[in-house]
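Inspection log for the structure reproduced underneath, given as structure tokens.
Protein chains in written order, with the numbering used here: chain R, 1 to 109; chain E, 110 to 223.
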């Protein structure tokens, strides 16, 4: 079983829609969690960290559920520019980040 | 400007011709890593380094070598490239702090082995 799993999508949504992605992880000792964004053929870039209490950055909300071992990313009021692949990243006790395969989002007019 | 620099960005080569992809970071990061990305397979880690002279295998190390003689540089060496190493390669670095260590990526190196 892969350590970090994501639904690959693609999620195809209209502008203005709300969309949510989930990511499950298998290592219960995981300590930190992140969402990265990757545009086509570009390098991944940090979108936001995920804290136990949940955190929000504008239209983006990230949440962590340690009991069920998943993290989520909610995007409200989707924009065309949100079209990208969203990567879930989990760090174990020693700093070795593990990536999910990514979820593809397509926002259409 | 804080950055990770990879070279070359694009390379077409032939089977068996040794090549090196360089990676350099200017953030004094301890952790550096190489990934390859293939359609449908996501990012797979090749090798990583926690500090100078400390390297370890990732998920797909076969056919690759690395070295970490200096903190800023982490070259990826393909001694005898084969067509199945055709891929998009990313180098990344981080401070290595578990809870706050953001990974910074280079722009990627697209390698084609004929």
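Cβ atoms here follow ideal geometry from the backbone N, Cα and C, with glycine treated the same way.
Identification of residues in the region 31–65 of chain R having a C-beta nearer than 9 Å to some C-beta of chain E yields 31, 32, 34, 36, 38, 41, 42, 43, 44, 45, 46 and 49, given in sequence order. Under the three-state reduction of DSSP, residue 223 (chain E) is assigned to coil, being neither helix nor strand. Taken atom to atom, the span from the alpha-carbon of residue 145 (chain E) to that of residue 90 (chain R) is near 18 Å.
Where residue 89 (chain R) is concerned, the enclosing beta strand (DSSP E) starts and stops at 84–91. Under the three-state reduction of DSSP output, residue 14 (chain R) falls in the strand class. If you look at residue 192 (chain E), you'll find it isn't in any beta strand (DSSP E); DSSP assigns it neither H nor E. When the beta-carbon positions are compared, residue 5 (chain R) and residue 18 (chain R) stay at least 7 Å from each other.
Residue 186 (chain E) is not a Cβ neighbour of residue 221 (chain E), given a cutoff of 7 Å. The contact set of residue 199 (chain E) on chain R, defined by CB atoms closer than 9 Å, consists of 43 and 44 in chain order. At least one CB of chain R lies nearer than 7 Å to the CB of residue 151 (chain E).
Across the structure, residue 115 (chain E) and residue 67 (chain R) are spaced so that their CA atoms are roughly 40 Å apart.
Beta-carbon to beta-carbon, residue 87 (chain R) and residue 102 (chain R) are separated by about 5 Å, close enough to satisfy the 8 Å threshold.
At least one beta carbon of chain R lies nearer than 7 Å to the beta carbon of residue 214 (chain E). At a beta-carbon threshold of 8 Å, the residues of chain R lying near residue 157 (chain E) are 96, ordered along the chain. For residue 162 (chain E), there are no neighbours in chain R by C-beta distance under 7 Å, as the nearest C-beta there is about 17 Å away. Judged by beta-carbon spacing, residue 156 (chain E) lies within the 7 Å limit of residue 167 (chain E), meaning their Cβ atoms are closer than that value. With 16 or more other Cβ atoms inside 10 Å of its own Cβ, residue 100 (chain R) counts as buried.
Contact between residue 107 (chain R) and residue 15 (chain R) holds, since their C-beta atoms are separated by about 6 Å, short of 8 Å.
Runs of beta strand (DSSP E) with 3 or more residues, each lying fully within the region 21–101 of chain R, are found at 32–38, 45–50, 55–57, 60–65, 70–75, 84–91 and 97–99, listed in chain order.
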